[in-house]
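Okay, structure first, notes after.
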Amino acid sequence: MNAVLDAHCWAEIDLDALVHNFRLIQQRAGTAAVCAVVKADAYGHGDSITARTLAEAGAAWFAVSSLAEARHLRRGGIVQPILILGMTRPECAAELAGEGVVQAIYSPEYARALSMSAESAGVVVEGHLKIDTGMGRIGFGARRDPESAAAAALECRRLKGLNITGAFQHFSVADSLSAEDVLYTEEQYTLFRWVVERLESAGPLKTLHCSNSAGLAGHPEWSCGMVRAGVILYGQDPSDEVRFPGLRPVMTVKSVVSQVKDLAPGDCVGYGRTYTAERPLRAATLCCGYADGYPRLLSNLGTAAICGKAAPVIGRVSMDQVVVDASAIPEAAAGDEAVLLGEAPADSFAQAAAKSGTISYELLCAVARRVPRVYFRGGKVVGVLDYLAQE
13 MNAVLDAHCW AEIDLDALVH NFRLIQQRAG TAAVCAVVKA DAYGHGDSIT
63 ARTLAEAGAA WFAVSSLAEA RHLRRGGIVQ PILILGMTRP ECAAELAGEG
113 VVQAIYSPEY ARALSMSAES AGVVVEGHLK IDTGMGRIGF GARRDPESAA
163 AAALECRRLK GLNITGAFQH FSVADSLSAE DVLYTEEQYT LFRWVVERLE
213 SAGPLKTLHC SNSAGLAGHP EWSCGMVRAG VILYGQDPSD EVRFPGLRPV
263 MTVKSVVSQV KDLAPGDCVG YGRTYTAERP LRAATLCCGY ADGYPRLLSN
313 LGTAAICGKA APVIGRVSMD QVVVDASAIP EAAAGDEAVL LGEAPADSFA
363 QAAAKSGTIS YELLCAVARR VPRVYFRGGK VVGVLDYLAQ E
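Given below as structure tokens:
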């Protein structure tokens with residue numbers, strides 16, 4: 013624990029909670045395989061240890077955003093299939109094939125370029141066709157012209173150097189329960205199934221997947237053989253409207269108290285003097301700030317915890333320091349542990365996101381590289397990931 017005790021700010025990762033969440037997802041998915049989405053360093057949790065833990069628990073696939081992320085998983089010992097959800101330069105066809113990584117194929121132009129590169133390198137790249145049913149990002153645009161999209165995607169199955177083994181899409185508003193959005197989600201699913209039916213006129217596709225975390229929460233019957241679990245793995249609900257019962261938060265961000273001092277009425281706190289004491293109070297300064305991933309938008313809004321008691325943030329969140337009102341915590345002293353995010357009575361990631369006008373996904377991913385990740389199993393430390401110590 014020396015790495016933690018010497019740190020100003022650290023994140024505790026509960027691997028038991030991670031496995032618990034995975035088991036819930038498996039139960040919800042039924043017979044469908046679970047693809048664990050570990051892009052963005054496993055949503056800030058550290059992809060290597062997270063992925064190895066999920067692999068041991070039974071994750072059948074992993075999904076990432078880039079070849080670099082896929083490469084890092086392979087170096088970390090992951091042998092399961094890995095799907096790259098985003099773009100990989102066609103010139104990297106040989107590495108895609110060599111690493112055994114499945115690439116998203118999202119347009120005729122991209123498919124042809126990747127095919128040419130694969131043929132030139134004498135390799136075959138495995139791919140999954142990305143069907144755009146309404147997200148409006150990459151993919152064969154099926155919403156306005158499904159016939160043309162299906163024909164273009166079908167043509168890709170005939171290209172040399174590519175082995176198209178699957179197809180997928182992504183829900184855009186499955187985390188909303190408004191009547192309009194529920195209808196839109198249903199239309200996306202229906203359209204995906206329609207396109208898949210035409211794609212399979214050239215033979216069955218081995219792997220189909222259309223459900224993200226919100227899709228699985230609302231429609232487990234749409235599993236299509238595999239589901240992609242992202243934020244729910246880490247114990248966060250897809251939204252305030254669409255929840256996944258029983259999840260346990262995986263990450264808790266903590267810091268230490270550097271100083272406790274008395275403030276008199278009229279004393280100001282922080283840049284811009286946005287907080288002025290109206291009464292005598294005890295102010296505790298914590299060794300963390302927006303450079304650690306604690307949002308500046310929580311200035312005068314956030315709630316931390318010291319000695320298990322709530323401590324409201326006062327003044328602006330600085331790059332490296334946060335001041336809280338510890339008047340109700342007379343025992344608070346320098347050196348005490350403080351909870352910033354993830355454990356009551358401090359803000360949960362969802363609460364902090366609501367206060368700062370964003371989503372829990374962003375706050376998880378925003379936890380900085382200078383914040384060591386400390387991994388626990390059975391209440392004991394089983395690993396520490398200190399990015400700064402690696403450089």
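Counting with the numbering used here, you get residues 13 to 403 for the letters of the sequence shown.
Glycine is no exception: its CB is placed at the ideal position from the N, C-alpha and C atoms.
All of these numbers come straight from a predicted model, not from anything done at the bench.
Residue i - containing beta strand (DSSP E), residue span
| i | result |
| --- | --- |
| Y399 | No beta strand (DSSP E) holds Y399; DSSP gives it neither H nor E. |
| C222 | T219 to S223 |
| I341 | Here I341 belongs to no beta strand (DSSP E), and DSSP marks it neither H nor E. |
| A295 | L293 to L298 |
| T145 | Element bounds for T145: n/a, residue is neither H nor E. |
| I318 | T315 to I318 |
Residue i classed as buried or exposed, judged by whether at least 16 other C-beta atoms fall within 10 angstroms
| i | result |
| --- | --- |
| A356 | exposed |
| D59 | buried |
| Y55 | buried |
| Q402 | exposed |
| E192 | exposed |
| R169 | buried |
| T286 | exposed |
| L203 | buried |
| L405 | Residue 405 lies beyond the range of the chain shown here (13 to 403); nothing can be said about it. |
| A346 | exposed |
| V397 | The amino acid occupying residue 397 in the given sequence is Leu; Val does not appear at that position. The residue in question, L397, is buried, as its Cβ has 16 or more Cβ neighbours within 10 Å. |
| E24 | buried |
| A214 | exposed |
Identity of the residues DSSP links to residue i by a beta bridge
| i | result |
| --- | --- |
| Y287 | V281 |
| Y387 | I25 and G395 |
| F2 | In the structure as shown, the chain starts at 13 and stops at 403, and residue 2 therefore has no counterpart that could be examined. |
| M263 | I25 |
| Q115 | I96 and G139 |
| L353 | V265 and D359 |
Simplified DSSP assignment, three categories, for residue i
| i | result |
| --- | --- |
| Q92 | coil |
| Y122 | helix |
| C104 | helix |
| R170 | coil |
| D348 | coil |
| A130 | helix |
| V254 | coil |
| G110 | helix |
| D53 | helix |
| A164 | helix |
| F204 | helix |
| V268 | strand |
| I371 | coil |
| A154 | coil |
| V239 | strand |
| A179 | strand |
| R328 | coil |
| S213 | helix |
Extent of the continuous alpha helix (DSSP H) run through residue i
| i | result |
| --- | --- |
| N33 | L27 to A41 |
| P324 | Taken as a continuous stretch (DSSP letters only), P324 belongs to no alpha helix (DSSP H), being part of the beta strand (DSSP E) at K321 to P324. |
| E233 | Per DSSP, E233 belongs to no alpha helix (DSSP H) and is neither H nor E. |
| A276 | Here A276 belongs to no alpha helix (DSSP H), and DSSP marks it neither H nor E. |
| A48 | Unbroken run through A48 is the beta strand (DSSP E), A45 to V49; no alpha helix (DSSP H). |
| V379 | It is not in any alpha helix (DSSP H) - V379 carries neither H nor E in the DSSP assignment. |
| F361 | F361 to S368 |
| V335 | First-last for V335: V334 to D337, but that is the beta strand (DSSP E), not the alpha helix (DSSP H). |
| I244 | Looking at the DSSP string, I244 is not in any alpha helix (DSSP H), and its letter there is neither H nor E. |
| A80 | L79 to R87 |
| A186 | A186 -> no alpha helix (DSSP H), and no H or E assigned at all. |
| D304 | No alpha helix (DSSP H) holds D304; DSSP gives it neither H nor E. |
| S60 | D59 to A69 |
Residue i: CB within 6 Å of a non-hydrogen atom of the ligand MN
| i | result |
| --- | --- |
| R83 | Judged by which ligands are present, the structure shown has none, so any question about the ligand MN falls away. |
Contact with chain D by residue i, beta-carbon distance below 7 Å
| i | result |
| --- | --- |
| N175 | The chain inventory of the structure shown lacks chain D, comprising one protein chain alone. |
The stretch 200 to 220 touching the stretch 19 to 27, judged by at least three CB pairs closer than 8 Å: Fewer than three pairs of CB atoms, one per stretch, sit closer than 8 Å, so the stretch 200 to 220 makes no contact with the stretch 19 to 27.
Cβ contact (3+ pairs, closer than 8 Å) linking the stretch 73 to 89 and the stretch 266 to 275: Look at the beta carbons and you see the stretch 73 to 89 not touching the stretch 266 to 275: under three pairs across the two are nearer than 8 Å.
Stretch-stretch touch, CB-based, cutoff 8 Å, three pairs: the stretch 363 to 373 with the stretch 36 to 46: Counting C-beta pairs closer than 8 Å gives fewer than three between the stretch 363 to 373 and the stretch 36 to 46, which falls short of the contact rule.
Inter-stretch contact at 8 Å, needing at least 3 Cβ pairs: the stretch 167 to 174 / the stretch 126 to 146: These segments touch.
Inter-stretch contact (C-beta, 8 Å, three-pair minimum) for the stretch 329 to 339 and the stretch 231 to 250: The stretch 329 to 339 is not in contact with the stretch 231 to 250.
Three CB pairs or more closer than 8 Å across the stretch 59 to 74 and the stretch 84 to 95: Yes: the two stretches touch, three or more of their Cβ pairs being nearer than 8 Å.
Given 8 Å, three or more beta-carbon pairs between the stretch 336 to 349 and the stretch 310 to 325: With a cut-off of 8 Å, the stretch 310 to 325 and the stretch 336 to 349 count as touching, because enough Cβ pairs lie within range.
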